[in-house]
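Just below is one structure, and these are the notes that go with it.
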Amino acid sequence: MHTELINIGTELLRGHLNTNSAYISRELTNIGIEVNLISTVEDKEKLLEDFFKKAIERSQVIITTGGLGPTFDDLTRDIMAKVINLKLVFDREVMHNIAAHFAKRNLEMPQENEKQAYIIEGAKVIPNLTGTAPGMIIQLKKMTVGPIIIMLPGPPSEMQPMMKKKVLPFLKIRYEHKIRKSIMLHACGLPESAVEEKIRDLIRIEKKIGGLNFSLRAHGAIVDLEISAQGEDEILIDEVLFKIKSEIYQRLGDSIYGENRETLEAVVGKLLNRRKLTLAIAESCSGGLIAHRMTNIAGSSVYFKQGIIAYSNEVKINMLKVKKRDLDLFGAVSKEVALSMAEGIRQSAQVDIGLATTGIAGPTGGSLSKPVGLVYLAFVSAKKRECKECRFVGKREKIKEEVADAVFDLLRKQLITDKN
């Protein structure tokens with residue numbers, strides 16, 4: 011079965027982030043439908059018409075996102091109706107839902123939004139619970155086996171609930187699929203090549219076992235490893251995945267910090283909670299990113315008490331009690347200053363653990379002895395003081411992300427190995 015996604019919007023070709031393809035592809039793959047083609051098309055009438063005609067000729071399932079709004083450049087509905095030779099008909103229920111959307115927000119509905127109440131004749135309407143553009147599912151009657159055309163709005167907050175609640179259940183019922191299951195493991199502290207080397211022989215068995223796949227993706231200091239299996243016997247799939255996962259844990263050890271949707275900072279938060287420990291962070295080169303990620307977790311105020319961005323030497327001296335002599339002797343980017351910062355924040359916040367970062371994120375500020383990417387990460391508790399020297403490469407934002415990942419991983423490994 012040939013399945014394709016068409017993302018519509020000129021802005022998507024001008025550098026705006028498009029997450030819809032990744033989300034839809036992942037969700038379809040999880041129910042056994044492989045996506046064969048993904049396209050992005052600008053809002054041009056002739057171009058859309060050509061794209062839709064070719065899609066209908068080659069595909070059994072077509073999913074479009076975008077172009078269902080009320081403005082002049084929202085052409086998806088009209089062009090699709092023209093291509094499949096069906097009328098647009100006014101739907102009173104859809105109009106009521108659009109009006110209610112504005113009424114709930116105490117806003118007057120613009121007249122332009124009435125356009126969205128016109129639905130392609132015979133389409134099954136997918137209600138929009140967070141916006142105004144309804145989705146549509148169209149089965150072309152003249153075709154014995156599809157194609158099925160699914161039209162969804164572009165904003166992810168509107169598209170994703172429609173996909174989850176209506177589209178996926180519809181496709182599950184319509185098509186017979188093989189069972190597909192996957193596990194995502196997350197590792198930190200190892201480069202992607204090292205992870206691949208440790209599990210290379212496991213990846214090779216992919217060729218011997220049909221329906222088994224591995225994929226690696228590196229971002230920041232983290233490597234995501236996905237193992238997926240597909241077949242008709244669910245028990246066998248579970249057994250294969252469990253066996254492979256267990257073997258990977260054996261080989262990667264404590265480099266693996268979590269599974270599936272777990273984040274590094276959430277895992278650290280659970281460890282702090284479990285051990286009833288509190289934390290404060292002094293950041294220089296990471297500029298508050300570590301505190302930002304920590305406070306993204308609901309309930310983190312239980313264990314995270316304070317964060318200071320000590321970007322200048324004056325702040326390091328006045329707020330963290332770093333000795334001026336150490337700054338003069340060793341420099342702000344040094345093991346000695348990192349440990350002093352961590353101890354200073356631990357004492358001032360009166361917490362169990364102090365963390366600190368100091369380094370050169372670039373692109374300027376480096377030297378032969380202290381190049382861009384040199385960073386010191388410090389951990390201090392009542393019983394232990396540890397400082398790690400790291401060398402990161404890349405642009406400023408990438409280095410900051412890797413610093414945050416490395417700090418969380420340093421803390422995680424301390425929490426699972428030591429009694430602070």
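Note that this note's numbering has the sequence shown beginning at 11, numbered continuously upward. Where a beta carbon is used, it is the ideal one built from N, C-alpha and C, also for glycine. This one's a predicted model, so the numbers in the text were calculated from it and none came from an experiment.
Q) Residues bridged to Asp234 by DSSP? A) His196, Arg227
Q. Among the residues of its own chain, which have a CB less than 6 Å from the CB of Thr154, if the five just before and after it don't count?
A. Confidence at Thr154 is low in this model, with a pLDDT of 42, below 50, so its placement is unreliable and no value can be given for it.
Q.
Less than 7 Å between C-beta atoms, sequence neighbours within five positions excluded: which residues of the same chain meet that for Asp428?
A. Lys394
Q) Buried or exposed: which applies to Ala276, given that a residue is buried once 16 or more other Cβ atoms fall within 10 Å of its Cβ? A) buried
Q) From Thr305 to Thr288, what does the alpha carbon distance come to, in whole angstroms? A) 14 Å
Q. So, helix, strand or coil for Met119, using DSSP?
A. coil
**Q.** Three or more C-beta pairs below 8 Å linking the segment 176-186 and the segment 86-105
**A.** With a cut-off of 8 Å, the segment 86-105 and the segment 176-186 do not count as touching, because too few Cβ pairs lie within range.
**Q.** Length of the line joining the Cα atoms of Thr39 and Tyr259
**A.** Those two C-alpha atoms are separated by around 25 Å.
Q: Pick helix, strand or coil for Gly297, following the three-state DSSP scheme.
A: DSSP places Gly297 in the coil class of the three-state scheme, outside both helix and strand.
Q. Exposed or buried, which one is Pro179 when buried takes at least 16 other CB atoms within 10 Å?
A. exposed
Q: Spell out the partners DSSP gives Asp366 in its beta bridges.
A: The sequence shown places Ala at residue 366, rather than the Asp named in the question. Paired residues: Ala292, Ala388.
Q.
Short of 6 Å in beta carbon distance, which residues of its chain neighbour Leu83, apart from the five on each side in sequence? Order them along the chain.
A. Per the sequence shown, the amino acid found at residue 83 is Asp instead of Leu. Here the set comprises Asp53.
Q) When we look at the beta-carbon of Glu244 and count the other beta-carbons within 10 Å, is it buried (16 or more) or exposed? A) exposed
**Q.** Alpha carbon of Met173 to alpha carbon of Glu399, nearest angstrom
**A.** Straight-line Cα distance between these residues: approximately 46 Å.
Q: Provide the residue span of the beta strand (DSSP E) that contains Arg395, from first to last.
A: 395-401
(Q) Does the segment 371-383 come into contact with the segment 259-269, if we say contact requires no fewer than three beta-carbon pairs (one atom in each stretch) closer than 8 Å? (A) no
Q: Please name the residue, chosen from Val382, Leu384, Gly372, Ile363, that lies closest to Arg422 on a Cα-to-Cα basis.
A: Ile363
Q.
Taking its Cβ as the centre, do 16 or more other Cβ atoms sit within 10 Å of Leu246, making it buried, or is it exposed?
A. exposed
Q) Looking at C-alpha atoms only, which residue of Glu207, Ile43, Leu420 is the closest neighbour of Glu396? A) Leu420
Q) Looking at the unbroken beta strand (DSSP E) that takes in Phe314, where does it start and where does it end? A) 314-319
**Q.** Distance, Asp88 Cα to Leu162 Cα
**A.** 14 Å
Q: Measure from the alpha carbon of Ala392 to the alpha carbon of each residue in Arg356, Thr367, Arg285, then state which is nearest.
A: Arg356
Q.
Please classify Arg36 as buried or exposed, where buried requires at least 16 neighbouring CB atoms within 10 angstroms.
A. exposed
Q: Could you tell me if Ile426 is buried or exposed, where buried requires 16 or more neighbouring beta carbons within 10 angstroms of its beta carbon?
A: exposed
Q) What's the C-alpha gap between Pro144 and Pro120? A) 17 Å
Q | Range covered by the beta strand (DSSP E) that runs through Gln170 | A | No beta strand (DSSP E) contains Gln170, which is instead part of the alpha helix (DSSP H) from 166-172.
Q) Using the C-alpha atoms, what's the distance from Val233 back to Val343? A) 27 Å
Q: Can you give me the Cβ contacts of Lys176 inside the same chain, cut-off strictly under 6 Å, excluding the 5 residues immediately before and after it?
A: Closer than 6 Å at Cβ, skipping near neighbours: Ile136.
Q: Can you have a look at Glu412 and say buried or exposed, based on whether 16 or more other CB atoms are within 10 angstroms of its CB?
A: Classification of Glu412: buried, given that the 10 Å Cβ count is 16 or more.
Q.
If I follow the unbroken alpha helix (DSSP H) through Thr39, where does it start and stop?
A. 30-40
Q) Mind checking Thr74: buried by the 16 CB within 10 Å criterion, or exposed? A) Answer is buried; the Cβ neighbour count reaches 16.
(Q) Less than 7 Å between the C-beta atoms of Val325 and Ala352, yes or no? (A) With respect to the 7 Å criterion, Val325 and Ala352 are not classified as neighbours on the basis of their beta carbons.
Q | Minimum C-alpha distance to Ser319 - residue among Phe340, Pro165, Leu150, Ala366 | A | This sequence places Ile at residue 319; Ser is not what is there. That would be Ala366, whose Cα lies nearest to the Cα of Ile319.
Q: Rank Lys114, Leu139, Arg335, Val205 by C-alpha distance to the C-alpha of Pro171 and give the top, closest one.
A: Leu139
Q.
Please report the straight-line C-alpha distance between Val51 and Leu117, rounded to a whole angstrom.
A. 32 Å
Q | From Leu85, Tyr128, Thr86, Ala91, residue whose alpha carbon lies closest to that of His5 | A | Summary: the structure shown does not reach residue 5, with the chain confined to residues 11 through 430, and so no result is reported for it.
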